[in-house]
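A quick write-up on the structure given underneath.
Numbering (this note's numbering), first residue to last: 2 to 201.
So, in structure tokens, the structure goes:
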């Protein structure tokens, strides 16, 4: 958990058109942080001032503890925090941690294979492990369910997950004008710009 004031803007030098706000997160029993974040979302989701308005929410859930993926904080957020028309995209972070779980689940004969073969077989098991954890199923049944999810793993290696996140965010934006605004801000993601231009 970092310490952030959700009111502070985060602007990246590589693209000043996209503005982010990061809450410090909250855990069960930390009512002040939750209420501050809830008020921020309510205020910014309903404002008519475009530059103060939030257009999407990214909610991060780490996948490195399968025994407790959905915790009280997720239940509080998705049951009690009404984002109005602002879509929520869940980011399942640390998705590559499921590889270690998958390696342990390999059949005894497969565990004697060379490392690359074991890794290949384990990667085939990851989606099933994620499905059995039922994190998305639980979230989908909550009062203010998220609209989409993106799985993040190996963030130190490539920008593929970021591209998936931007595409998911563009897809769930409620207004065509907002989709076009996000796409126009994507100076570096030409493929996303072209894909949405062709759709129109």
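Every residue, glycine too, gets a C-beta built ideally from N, C-alpha and C.
Environment of residue i [buried if 16+ CB atoms lie within 10 Å]
i: residue 115; result: exposed
i: residue 82; result: buried
Within 8 Å, strictly: CB atoms of residue i and residue j
i: residue 62; j: residue 35; result: no
i: residue 79; j: residue 146; result: yes
i: residue 90; j: residue 151; result: yes
i: residue 134; j: residue 67; result: yes
i: residue 88; j: residue 174; result: yes
i: residue 111; j: residue 105; result: no
i: residue 127; j: residue 103; result: yes
i: residue 10; j: residue 22; result: yes
Simplified DSSP state of residue i, which is helix, strand or coil
i: residue 50; result: coil
Check: residue i C-beta below 7 Å from any heavy atom of the ligand FAD
i: residue 174; result: The model depicted lacks the ligand FAD and carries no ligand whatsoever.
Residue of the options minimising C-alpha distance to residue i
i: residue 59; options: 42, 72, 108, 69; result: 42
i: residue 53; options: 39, 71, 73, 20; result: 20
i: residue 86; options: 121, 55, 97, 77; result: 55
i: residue 168; options: 40, 24, 57, 109; result: 57
Assumed close pair residue i, residue j - CB separation to whole angstroms, cut-off 8 Å
i: residue 107; j: residue 131; result: Wrong, their Cβ atoms sit about 17 Å apart, outside the cutoff.
i: residue 172; j: residue 149; result: 7 Å
i: residue 125; j: residue 75; result: About 28 Å separates the two Cβ atoms, so there is no contact after all.
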